[in-house]
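Below: one structure, written as structure tokens.
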Amino acid sequence: MKRKQGITVSGCGRWRKWGCCPDLEWPCLLRDGARAEGLGLSRLPAARHRPPLPERAIMKVVNLKQAILQAWKERWSDYQWAINMKKFFPKGATWDILNLAEALLEQAMIGPSPNPLILSYLKYAISSQMVSYSSVLSAISKFDDFSRDLCVQALLDIMDMFCDRLSCHGKAEECIGLCRALLSALHWLLRCTAASAERLQEGLEAGTPAAGGEKQLAMCLQRLEKTLGSTKNRALLHIAKLEEASLHTSQGLGQGGTRANQPTASWTAIEHSLVKLGEILANLSNPQLRSQAEQCGTLIRSIPMMLSVHSEQPNKTGFPTVHALVLLEGTMNLTGETQPLVEQLMMVKRMQHIPTPLFVLEIWKACLVGLIESPEGTEELKWTAFTFLKIPQVLVKLKKYSHGDKDFTEDVNCAFEFLLKLTPLLDKADQRCNCDFTDFLLQECRKQGLLSEASVNNLMTKRAADREHAPQQKSGENANIQPNPGLILRAEPTVTNILKCSSGLDFLSCPQTMDADHSKSPEGLLGVLGHMLSGKSLDLLLAAAAATGKLKSFARKFINLNEFTTHGSEESTKSASVRALLFDISFLMLCHVAQTYGSEVILSESSTGAEVPFFETWIQTCMPEEGKILNPDHPCFRPDSTKVESLVALLNNSSEMKLVQMNWHEACLSISAAILEILNAWENGVLAFESIQKITDNIKGKVCSLAVCAVAWLVAHVRMLGLDEREKSLQMIRQLAGPLYSENTLQFYNERVVIMSSILEHMCADVLQQTATQIKFPSTGMDTMPYWNLLPPKRPIKEVLTDIFAKVLEKGWVDSRSIHIFDTLLHMGGVYWFCNNLIKELLKETRKEHTLRAVELLYSIFYLDMQQVTLVLLGHILPGLLTDSSKWHSLMDPPGTALAKLAVWCALSSYSSHKGQASSHQKKRHREDIEDYISLFPLDDMQPSKLMRLLSSNEEDANILSSPADRSMSSSLSASQLHTVNMRDPLNRVLANLFLLISSILGSRTAGPHTQFVQWFMEECVDCLEQGSRGSILQFMPFTTVSELVKVSAMSSPKVVLAITDLSLPLGRQVAAKAIAAL
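The following block contains the structure:
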């Protein structure tokens, strides 16, 4: 053997058979140019558009072109050509590297018409998969002489062979190459179509239409339609567009590289070509061609938005999740910010594909139901404020999520049209509110820009006609009662004015201010506060402030006032009494706010070095609240003994309390120790009952806040006593809560007693229930604790949970009372008990419609504490069901489908909001039944987690997840790791381990209901996906899971693959391209 210029020449005489000398370079191969042209060939130029090849590869290209020439000269048939080519290149040469497709096309397209023999070689190469589809598409997209009709038509015929059945089973890089080649081919087709249309138009204008011009245009449009009609092709184009955008971004950041093989057409160029084509075709008279072009244009424009199209549910009008979510917010979280509620509602709307008009209608229906069933008093005012002040603000924010202001306004108008058809519901609301409910609501929506003036007038006219036939109210009963909606709407600007007045203004010029210099006009301020205490003025202002997010600022005014009045110096008897009243009223108001809306609205953000006001200190350490256990021996209850002794003497000896120079904060802190001394004296017979009665009258006779502080300590004290030791303490509480036996001398005493009684009733509720004691508090004519003690006595809480869920499921919606029962049960039983038992109830259902309704209801119930429920559901309950074969039967359809849907909804909701702040009703809860998720799922990835130890430990399972071509990829590598998501977060850890479990199930050899459950889970993830949502829960899925999922028939669709992979990452695009190209 001898070598010459890198070519191995064997003794077989191959080159002699061709009549060529191996010493010749390719440019010298055909010295006679005329002879070459006579053969229909040309001097084949070097591959100037390709990256430079190694010398040996260049020689192989030379040999390849020599072989093509020899085949043409000897007129080989296509199969002979293929056999000989494989003989000439016996070592498995990669034809794409040698650009066989491009070489054949270059030779076939030399003259005005294509060479049919060489084209037959190319078609055979395509059919026998000698060349890849991507190399053929790249070669076709380089042809740009569209004036040669026959060549263009030949190329279109070649595309027709495979354009609707593209595939690639090679490496991921080759699949990405196919995406790029398809994008270039699409651009070429558009240019070709535009050129054909332009020539046809020019011929028509000149009066000499070109023969076959319309035929060629029709061929171009048919190929476009055929190419774009495949969902698989559109998915590949979607990936190519993202790949091209990513490449431009990296080059823009100075990280530029070169594209593999050939430059790819940009998406911008495709859009420009589409616009140009539309302009040309607009002037053609053939409607069929124009229609075809429009359809193709629509398909191209839909490619970037492939994942955003969801079908809405027009056949369903009730949505229990939205209803329950609004009821939950109105009942338990009036003070919450609107943005979290807006995001929760939008999440539900997107996951359940609810049309906007029905979505808005469901919100209003929930408000109406909540208002109608709300107990009279504070709860009714809270619901009125929620409906008329907070929900319009929520809709204003929802408006920003819609496609346009006009569209959303029309949707709101449509929702009201539907609402007007619910005449009995509106009539009931009118009766409850003693007014035209719809009129108030429409006016408020008009103010917020949610409805136009014309729409409001039209709707009001329709409602007025309906009201004529409504049941008439008894005129005598309600004629003089002002409707709550009107009062609330008037209270809102009052709150705003109170907060606006600056501290520099004199109180008389701005009498509502709480920031004014209190020393200038304390009497005037006292008059305003006294007026606030009368009737329901305070509750109206608080409800309006809570619904508009101003309650914290409003409460801060009272805290400042309370702090100002704690000290007294050189004051007269009158000013001392005014100061005592200001302290007392502000203290009582703040206690009322804390009990009605939660202590969170009272407490300020902790700032180092700042002095904490007295009331904040007292409420944190001394005030009994739900879920808070107080220690009666805490140092806060044990002040300076000299102050305690003087206070005891004052209470026991004086006929009435001294007010001058009294430090009220010290008295409030000393009263607990004083009460302990008095109790000890009473129990030891030193004091008689008459003395106790005199002392309790002194405590509550002037300043009611002392009685509140005394009862707060007594409640903590009683909890620590035995059954036989509680009598005196409970009797003391009864005396402090009872009526005053002596005369009172300070203003607004009756108003203060009303609010004090409400505060004491709330404080004592727990301890009275535990001790089975009854104390009658002064009645205000309405239930001050409407949702207290809802659980039936002497029944196991599991039975209560089962019964209440069955009733809710039968009814189809959750009411306010049920929400409070569920909340109590969650608090009593703990998250795992609560979630586990409700999931068991779900899995008992066997009818599809019942399971779907149960999922919607459970999802809304779980919002009581969504974060913790999701951790339990995904971290404990689901893994237990999926890894225990004895429980697989419970995952059959329909309950298994329903559970998969519920799990995905909870996971998405928690993940989208777990970085935000929890709702106030969630913050109160102390969880002791949740394991430490970091120890449950260790951070060290090499250490198997507790969850993964439940799985099979078969050595082969570790590799079965990945295909042979991807053995190098870690079976647990996911997009979340490339995004550097914080895996110390419990929810992230639980999600990552759940997807590892899913990956293991898909790769195992055992199929069953658990495998089907995984399919339903992934289908629901895809169905709930939001276009462009990066960082969804699917980022925790290992990349290797994709290849396993597409083996499941229901998941083997291009859209599914696009949805489950993170296309923002290069590796994600490669995985998606490989999976789609293999479909």
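Residue numbers (the numbering used here): 47 to 1125.
We put the CB at the ideal spot given by N, CA and C, even for glycine.
With a 10 Å radius around its C-beta and 16 neighbouring C-beta atoms as the bar for buried, classify residue i as buried or exposed.
{"i": "residue 744", "result": "buried"}
{"i": "residue 51", "result": "Note that residue 51 scores 37 on pLDDT, short of 50, meaning its location in the model is unreliable; the coordinates nonetheless yield the value given after this. Exposed: under 16 other Cβ atoms inside 10 Å."}
{"i": "residue 379", "result": "buried"}
{"i": "residue 730", "result": "exposed"}
{"i": "residue 84", "result": "Residue placement at residue 84 is flagged as unreliable, the pLDDT there being 35, under the threshold of 50; the coordinate-derived value follows with that caveat. Under this definition residue 84 is an exposed residue."}
{"i": "residue 644", "result": "buried"}
{"i": "residue 1116", "result": "buried"}
{"i": "residue 947", "result": "buried"}
{"i": "residue 732", "result": "exposed"}
{"i": "residue 500", "result": "exposed"}
{"i": "residue 1096", "result": "exposed"}
{"i": "residue 735", "result": "exposed"}
{"i": "residue 153", "result": "buried"}
{"i": "residue 503", "result": "exposed"}
{"i": "residue 658", "result": "exposed"}
{"i": "residue 426", "result": "buried"}
{"i": "residue 638", "result": "buried"}
Leaving out five residues on either side along the sequence, give the residues of the same chain with a beta carbon under 8 Å from the beta carbon of residue i.
{"i": "residue 171", "result": "128, 141, 146, 147, 150, 177"}
{"i": "residue 272", "result": "206, 209, 210"}
{"i": "residue 373", "result": "412, 415, 416, 860, 861, 862, 865"}
{"i": "residue 781", "result": "738, 739, 742"}
{"i": "residue 24", "result": "This structure cannot speak to residue 24, because the chain is shown only from 47 to 1125."}
{"i": "residue 213", "result": "179, 1123, 1124, 1125"}
{"i": "residue 229", "result": "283, 286, 287, 290, 310, 311, 313, 316"}
{"i": "residue 342", "result": "267, 270, 271, 274"}
In chain order, what residues of the same chain lie with their CB nearer than 7 Å to the CB of residue i, ignoring the 5 residues before and after it?
{"i": "residue 772", "result": "764, 817"}
{"i": "residue 238", "result": "192, 198, 266"}
{"i": "residue 464", "result": "403, 407"}
{"i": "residue 664", "result": "714"}
{"i": "residue 227", "result": "180, 183, 184"}
{"i": "residue 418", "result": "474, 475, 478"}
Along the alpha helix (DSSP H) that carries residue i, what are the first and last residues, could you check?
{"i": "residue 1144", "result": "Nothing can be reported for residue 1144, as the shown portion of the chain is limited to 47 through 1125."}
{"i": "residue 214", "result": "No alpha helix (DSSP H) contains residue 214, which DSSP labels as neither H nor E."}
{"i": "residue 531", "result": "530–546"}
{"i": "residue 167", "result": "162–173"}
{"i": "residue 954", "result": "941–959"}
{"i": "residue 664", "result": "660–667"}
{"i": "residue 386", "result": "384–397"}
{"i": "residue 516", "result": "Premise fails: residue 516 is in no alpha helix (DSSP H) and is neither H nor E."}
{"i": "residue 421", "result": "Here residue 421 belongs to no alpha helix (DSSP H), and DSSP marks it neither H nor E."}
{"i": "residue 887", "result": "877–890"}
How many whole angstroms separate the CB atoms of residue i and residue j, which I take to be in contact at a CB cut-off of 8 Å?
{"i": "residue 709", "j": "residue 619", "result": "Their Cβ separation, rounded to whole angstroms, is 17 Å, which puts residue 709 and residue 619 out of contact at 8 Å."}
{"i": "residue 388", "j": "residue 444", "result": "6 Å"}
{"i": "residue 909", "j": "residue 371", "result": "6 Å"}
{"i": "residue 1133", "j": "residue 113", "result": "Nothing can be reported for residue 1133, as the shown portion of the chain is limited to 47 through 1125."}
{"i": "residue 705", "j": "residue 746", "result": "Rounded, the Cβ-Cβ distance is 15 Å, inconsistent with contact."}
{"i": "residue 949", "j": "residue 920", "result": "6 Å"}
{"i": "residue 1082", "j": "residue 1020", "result": "5 Å"}
{"i": "residue 1049", "j": "residue 1090", "result": "6 Å"}
{"i": "residue 624", "j": "residue 568", "result": "5 Å"}
Apart from the five residues on each side of it in sequence, which residues of its chain come closer than 6 Å, Cβ to Cβ, to residue i?
{"i": "residue 598", "result": "647"}
{"i": "residue 669", "result": "758"}
{"i": "residue 75", "result": "Its pLDDT being 32, under 50, residue 75 is placed unreliably by the model, and the measurement read from it follows with that caveat. Contacts found: none."}
{"i": "residue 345", "result": "274"}
{"i": "residue 558", "result": "Interpretation of residue 558 is limited by its pLDDT of 44, a score under 50 that renders its predicted location unreliable; no figure is taken from the coordinates."}
Taking 7 Å as the threshold (beta carbon to beta carbon), is residue i in contact with chain D?
{"i": "residue 1038", "result": "Of the protein chains in the structure, only one exists, and it is not chain D."}
Notebook entry, point to check: Do the segment 1052–1062 and the segment 941–955 meet, that is, are 3 or more Cβ pairs less than 8 Å apart?
Noted result: Short answer: they touch.
Check: How do the segment 313–331 and the segment 226–246 stand: do at least 3 beta-carbon pairs fall below 8 Å, yes or no?
Finding: yes
Next item on the list: Examine the Cβ distances between the segment 584–603 and the segment 750–760 and report whether three or more of them are shorter than 8 Å.
Entry: Three or more beta-carbon pairs separated by less than 8 Å are not found between the segment 584–603 and the segment 750–760, which leaves the two stretches without contact.
Next item on the list: Determine, using beta-carbon pairs with one atom in the segment 735–751 and one in the segment 691–700, whether at least three such pairs fall under 8 Å.
Entry: Taking 8 Å as the limit for Cβ pairs, the verdict is that the segment 691–700 does touch the segment 735–751.
Notebook entry, point to check: Any contact of the segment 919–927 with the segment 1033–1040, i.e. 3+ C-beta pairs under 8 Å?
Noted result: yes
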